[in-house]
Amino acid sequence: MSSVSNVTLAACVFMTVTCLVYSSNAQGPGIGSIDLGPIEPDFPIRTCSPRCENGFCVGGRCLCQPGFTGRTCSNTIITVCYGGCANGGTCRYGSCSCRPGYSGSSCQIPSCSPSCANGGTCVSGKCRCRSGYSGSYCQTRVCTPSCRNGQICILGQCRCPRFLDGPEPLGISEPGVPEIDLVPFYPAVCCSRSCLNGGTCIGYNRCRCRSGYSGQYCQTKVPSCLPSCANGGTCVSGQCRCRSGYSGGYCQTRVCTPACQNGQICILGQCLCPRFPDGPVPLGISEPGVPEIDLVPFLCAPACRNGGTCSNGKCNCRTGYTGSYCQTRTCSPACRNGGTCTSYGTCNCRSGFSGSYCQTRTCSPACRNGGTCTSYGTCNCRSGFSGSYCQTRTCSPACRNGGTCTSYGTCNCRSGYTGSYCQTRTCSPACRYGGTCTSYGTCNCRSGYTGTYCQTRTCSPACRNGGRCTSYGTCICRSGYTGTYCQTRTCSPACRNGGTCTAYGTCNCKSGYTGTYCQIRSCSPSCANGGKCVSGKCRCTYGYGGSYCQTKVCRPSCQYGQVCISGRCQCPRFLDRQVRGLPGRPGSQEPERLPIYRPVCCSKSCLNGGTCIGYNRCKCRSGYSGQYCQTKVCSPACRNGGTCRNGKCVCKKGYYTGSYCQTRLCSPACRNGGTCTPYGTCNCRSPYTGSYCQLSPTCYPRCENGGTCIRNNRCSCPSGFTGSRCQNAVQTACRVRMEIHDMTQAQRQLYIDTYKTAYGQPALRTLLRSHAINFAAGIHTRNQFLPWHRWFILELENILLAVNSNVILPYWDWTLHSAAPWSAPLWGSASHWYGGDGSGSCVTTGPFRSGQFSLVSGGCLRRDFDLTETTPSALVVNDILSTPVSSFNDFELRVRGELHDTVHCRIHGTMCTLDAAESPDFFLHHVFIDKLWADYQARSTAHHDAHFSSLGSAMTAAGGHSAQDMIDLNNQPGGVCVRYEQPSSSTARQLRRALSRVAPSVIAKRVSCQPQSLDVSRAVQQGQELFRVSASERSRLSSLVSKQVCRSAMPGQAGPSGARTTATANLGFDLNTLVSLANAK
875 MSSVSNVTLA
885 ACVFMTVTCL
895 VYSSNAQGPG
905 IGSIDLGPIE
915 PDFPIRTCSP
925 RCENGFCVGG
935 RCLCQPGFTG
945 RTCSNTIITV
955 CYGGCANGGT
965 CRYGSCSCRP
975 GYSGSSCQIP
985 SCSPSCANGG
995 TCVSGKCRCR
1005 SGYSGSYCQT
1015 RVCTPSCRNG
1025 QICILGQCRC
1035 PRFLDGPEPL
1045 GISEPGVPEI
1055 DLVPFYPAVC
1065 CSRSCLNGGT
1075 CIGYNRCRCR
1085 SGYSGQYCQT
1095 KVPSCLPSCA
1105 NGGTCVSGQC
1115 RCRSGYSGGY
1125 CQTRVCTPAC
1135 QNGQICILGQ
1145 CLCPRFPDGP
1155 VPLGISEPGV
1165 PEIDLVPFLC
1175 APACRNGGTC
1185 SNGKCNCRTG
1195 YTGSYCQTRT
1205 CSPACRNGGT
1215 CTSYGTCNCR
1225 SGFSGSYCQT
1235 RTCSPACRNG
1245 GTCTSYGTCN
1255 CRSGFSGSYC
1265 QTRTCSPACR
1275 NGGTCTSYGT
1285 CNCRSGYTGS
1295 YCQTRTCSPA
1305 CRYGGTCTSY
1315 GTCNCRSGYT
1325 GTYCQTRTCS
1335 PACRNGGRCT
1345 SYGTCICRSG
1355 YTGTYCQTRT
1365 CSPACRNGGT
1375 CTAYGTCNCK
1385 SGYTGTYCQI
1395 RSCSPSCANG
1405 GKCVSGKCRC
1415 TYGYGGSYCQ
1425 TKVCRPSCQY
1435 GQVCISGRCQ
1445 CPRFLDRQVR
1455 GLPGRPGSQE
1465 PERLPIYRPV
1475 CCSKSCLNGG
1485 TCIGYNRCKC
1495 RSGYSGQYCQ
1505 TKVCSPACRN
1515 GGTCRNGKCV
1525 CKKGYYTGSY
1535 CQTRLCSPAC
1545 RNGGTCTPYG
1555 TCNCRSPYTG
1565 SYCQLSPTCY
1575 PRCENGGTCI
1585 RNNRCSCPSG
1595 FTGSRCQNAV
1605 QTACRVRMEI
1615 HDMTQAQRQL
1625 YIDTYKTAYG
1635 QPALRTLLRS
1645 HAINFAAGIH
1655 TRNQFLPWHR
1665 WFILELENIL
1675 LAVNSNVILP
1685 YWDWTLHSAA
1695 PWSAPLWGSA
1705 SHWYGGDGSG
1715 SCVTTGPFRS
1725 GQFSLVSGGC
1735 LRRDFDLTET
1745 TPSALVVNDI
1755 LSTPVSSFND
1765 FELRVRGELH
1775 DTVHCRIHGT
1785 MCTLDAAESP
1795 DFFLHHVFID
1805 KLWADYQARS
1815 TAHHDAHFSS
1825 LGSAMTAAGG
1835 HSAQDMIDLN
1845 NQPGGVCVRY
1855 EQPSSSTARQ
1865 LRRALSRVAP
1875 SVIAKRVSCQ
1885 PQSLDVSRAV
1895 QQGQELFRVS
1905 ASERSRLSSL
1915 VSKQVCRSAM
1925 PGQAGPSGAR
1935 TTATANLGFD
1945 LNTLVSLANA
1955 K
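If you read the sequence shown in the numbering used here, its first letter stands for residue 875, the second for the next number, and so on.
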């Protein structure tokens, strides 16, 4: 068997072992097989369950092939950007990271970097400058027309340059003036008239002349050498003085030193043997034994290069080249100021000079901030900068009203002033809600607002009866009043059982009710014979009955036809039909004869309420018959062939129905809400037709949001929706975010389906990755944490609304399940819940289970519930919300470090990683954190506006929005209004009422709770490390959370009220005691 020494991976199945071997020697795609025969392993074999899909099982774990990840190697790693990244962009996490100068999803749009200054516009990646500016990004101010007489352009104006006076750089002194040590002196110098013939002004009436000119203003032309002296020769009084090795009228000829001997000739400064053509030479002179050499052309060796021509053994070089065979590139014009010419024909300049021939003086150090270096080696600074190399930012115009110029060239204005140079009086704080600041620094408020800086909303008309106007322009009425301006007197508590509240605040009760707020049911008429009225009914004393105890009854009840008369059982008396007494005639002397009534009783009782009217004769109630009323009859009689059985009609099946078979049935049954008429036909709802309402019009695409197709391709929309398919929700005043357990099943299902649909779209995936990319870029620090995440969840909500206009983000109030958070219905496995625990691995239940949902970064959603810990209780949250506005720093730190970080890592799994935003649980938690901030803001105007000093600064990767943009929930970016609906369960309502009435200090002493610790929890420690809580913040947080918020009791211990209720078990403290304390107020 051949060697497999270069095997890189092998997976063997023992017993009858076949090894799959990755080998560079194997045939095919790098996979070979080696049959090793039966092998009896001497160690236990670990298999992978479930089996590996795109990898191999090694030691009980899946080893994935490149490009796959996950427990079973089933998830594909996203490493490519669809469409590719243009212009040098790099692909990261499936999105393009662009080089400077480009933008767009694929880096396809050229941009200007740095941005165009001074009003320049970016066109195809280059800046197009306004008149008066130049430079790669329009940073340089230019002068029009050009400056003369030695003046230079400074900030768009021609000014005299300043030069170092004399060779002494360390200070100047004058008689009677102290020496200014170490300060170089730069006097302003200009020429009173222009330097002529291209001369340059270098001092007061001092010109630096071009070659060939002299004089104070370069007005005198000096003799020159024509043509110019070559090969380094210098022109002296019109004649060339040649360097050694050169001669000629302009030093054009190379000579040999020493002179050539032995017949050699000097060619380009070298002694060489001449070359002659073959054969006899007829011309020239000769000597014995020496060929004729006169007039015989010399050949050039080596051959002339770079276009040079050979003449008499010498190369005539083109302009720009020199050397014996034109091999050397020359610099034209010649390098100046000591520069040397390289073999490439370029000048190598000395320090302090630049230019194609070292003609330009450079500035050292280099000019900064867009300054340009003049020909004198000084910096010409842009507007707003100064200093020897433009290093200092200046303020132009100068700062006014006591403002100071910063090192950035901006004015730092005193309180009460603003503007680029502090020229404008401001109102401090700034005028709000459209108020304008007057020149006196006071606010001129719009109608409906008042206050020093228009911060208070006024109520119109004014609040009555002691009502208080809130900062939102609404009236908060005193107890006992209501209405938009507290004009209506209310009854407290409210009138019940249909009672109406009078203008005097008293209840006017309906008949049958009484009490201060109509809470007591009364008896009408009043109970007689000592009866008592209980809950609107008379409770009679023994021996009396009736609706108001007006009848005397017999105890025990009468039998055999006897009747109770005045509390005694007596036989009824009936008129004897055979003997009748007749009254005497008028005026007759015969005595009056009275009718005869004989007592008659039945031998047994008449049944079913029948009455005995003679011997064994019963008068039956309607619905009964027989001698003793023992048979139940159907009343009215059964119709349409129905039969009476035990007093009920049995109808012909499938044809009739009703209590006496009076209603005709429709067969088949009416559909789509149609109703069956008495004639057995269907009365159909619009838009359905057909014999049993089975036909409906067709709308394509189908009607959404409960819309009804009323005729082909036309939808009738329900209230709140519009559009051809009812796809658009009518915009309401505010987006209302609900607690997820208060949503209906259909609402939860719609939200989860919409979220999963949006999750596959680039907009949402890019948004989620931005959280991971900027995780440590400041979004979890105190200045940005609350406003940045408020912006983040608003962006997600906007994306979901683009998919389905009827979806608003919910939140999870984990304080309502604090003692048992993992038993909340939220974690149910149904499609409208979130699924359960993954025990450190993939979630396997619910709509986000493995195989049905995967993260943007790859892999499955993971959870690892911290079963030994709870979430913070409502008492902890109440204590945090009670933080005074002066300690907003402590409020923010506790929300971030004690609530936010803790819950993240108690859910654990994906929620406790950099990819937390990719977990659907993330937004349930963060929307609740935002609600807690909103609850804090609602406490007062000062609470509403409390934040850090960086309000106006743009937040990290938030589309240019600042914290100021996110403060007011009623005016979010895009004009969006957001409102949070409080949880509606009875426990939540009881809890809110009690917490609003009982001070936290009283709760700490009187209410029992389960102990909670912030110091030993694994979730707290991991959360603080993940979200980079500083050491100083941890120390401060530890001192804040050590405060007692309730009276500790053993876990599971009942409070003082006795047995634990379900609410108490879920909340983690004794709700009964808290409610009792509130009721005692």
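Every residue, glycine too, gets a C-beta built ideally from N, C-alpha and C.
Using C-beta distances below 6 Å, list every residue in its chain close to residue i, excluding the 5 sequence neighbours before and after it, in chain order.
{"i": "V1750", "result": "V1919"}
{"i": "G1483", "result": "R1495"}
{"i": "W1688", "result": "P1695 and T1745"}
{"i": "Q1927", "result": "Since pLDDT at Q1927 reaches only 39, below the 50 mark, its modelled position is unreliable, and the value read off the structure follows with that caveat. Closer than 6 Å at Cβ, skipping near neighbours: no residue."}
{"i": "L1869", "result": "N1752"}
{"i": "S1509", "result": "S1496 and G1497"}
{"i": "G1581", "result": "C1589, C1591 and C1600"}
{"i": "V1677", "result": "T1628, T1631 and A1632"}
{"i": "Y1383", "result": "Reading off the sequence, residue 1383 comes out as Cys, not Tyr. G1373 and C1392, listed in sequence order."}
{"i": "P1101", "result": "Y1124"}
{"i": "Q816", "result": "Here the chain covers residues 875 to 1955 and nothing more, so residue 816 does not appear."}
{"i": "T995", "result": "R1002"}
{"i": "L1948", "result": "A1868 and V1881"}
{"i": "S1088", "result": "T1094 and V1096"}
Over the uninterrupted beta strand (DSSP E) stretch that includes residue i, give me the two end residues.
{"i": "V997", "result": "T995 to V997"}
{"i": "R966", "result": "T964 to R966"}
{"i": "I1439", "result": "V1437 to I1439"}
{"i": "N1190", "result": "K1188 to N1190"}
{"i": "Q1113", "result": "Q1113 to R1115"}
{"i": "Q1093", "result": "From DSSP, Q1093 is part of no beta strand (DSSP E); its letter is neither H nor E."}
{"i": "R1576", "result": "Looking at the DSSP string, R1576 is not in any beta strand (DSSP E), and its letter there is neither H nor E."}
{"i": "I1141", "result": "I1139 to I1141"}
{"i": "K1522", "result": "K1522 to V1524"}
{"i": "C931", "result": "G929 to V932"}
So residue i and residue j are supposed to be a Cβ contact under 8 Å. How far apart are they, rounded?
{"i": "C1525", "j": "G1516", "result": "4 Å"}
{"i": "Y1359", "j": "G1341", "result": "7 Å"}
{"i": "S1008", "j": "V997", "result": "Actually they do not touch by this definition, with Cβ atoms about 15 Å apart."}
{"i": "T1292", "j": "T1298", "result": "5 Å"}
Over the uninterrupted alpha helix (DSSP H) stretch that includes residue i, give me the two end residues.
{"i": "T1640", "result": "P1636 to I1647"}
{"i": "F1797", "result": "D1795 to Q1811"}
{"i": "F1765", "result": "F1762 to R1768"}
{"i": "I1877", "result": "P1874 to R1880"}
{"i": "T1947", "result": "L1945 to N1953"}
{"i": "R1959", "result": "Only positions 875 to 1955 of the chain appear in this structure, which leaves residue 1959 out of reach."}
Excluding the five sequence neighbours on either side, which residues of its own chain have a C-beta within less than 8 Å of the C-beta of residue i, listed in chain order?
{"i": "G1112", "result": "P1097, S1098 and C1099"}
{"i": "L1806", "result": "V1751, I1754, L1755, V1769 and L1773"}
{"i": "A1939", "result": "A1693 and A1694"}
Residues in the same chain with beta-carbon distance under 7 Å from residue i, minus the five sequence neighbours each way, listed in chain order, please.
{"i": "G1404", "result": "T1415"}
{"i": "Y1323", "result": "Y1307, G1309, T1330, R1331 and T1332"}
{"i": "G1554", "result": "R1538, L1539 and C1540"}
Report task. Could you tell me whether the region 1101-1111 touches the region 1125-1134, where touching means 3 or more Cβ pairs closer than 8 Å? Result -> With a cut-off of 8 Å, the region 1125-1134 and the region 1101-1111 count as touching, because enough Cβ pairs lie within range.
Report task. Evaluate contact between the region 1755-1774 and the region 966-980, counting only Cβ atoms and requiring at least three cross-stretch pairs below 8 Å. Result -> As far as the Cβ criterion goes, the region 1755-1774 does not touch the region 966-980, which means the pair count is below three.
**Report entry** Runs of alpha helix (DSSP H) wholly within the region 1834-1872 (minimum 4 residues, chain order)
**Finding:** Inside the region 1834-1872, DSSP marks whole alpha helix (DSSP H) runs of 4 or more residues at positions 1837-1840 and 1860-1871, from first to last along the chain.
Query raised in the report: Can at least three beta-carbon pairs, one atom from the region 1069-1083 and one from the region 1023-1032, be found at a separation below 8 Å?
Result: These segments touch.
**Report entry** Cβ pair count under 8 Å reaching 3, the region 1836-1848 against the region 1807-1825
**Finding:** Touching, yes.
Query raised in the report: Is the region 1730-1740 touching the region 1797-1814, taking contact as three or more C-beta pairs under 8 Å?
Result: Taking 8 Å as the limit for Cβ pairs, the verdict is that the region 1797-1814 does not touch the region 1730-1740.
Query raised in the report: Does the region 1221-1236 touch the region 1248-1257, meaning 3 or more C-beta pairs lie closer than 8 Å?
Result: Segments in contact, yes.
Query - Stretch pair the region 1638-1658 + the region 1701-1708: three plus CB contacts closer than 8 Å - result: The region 1638-1658 is not in contact with the region 1701-1708.
Query raised in the report: When the Cβ atoms of the region 1187-1194 are set against those of the region 1126-1142, are three or more pairs found closer than 8 Å?
Result: Taking 8 Å as the limit for Cβ pairs, the verdict is that the region 1126-1142 does touch the region 1187-1194.
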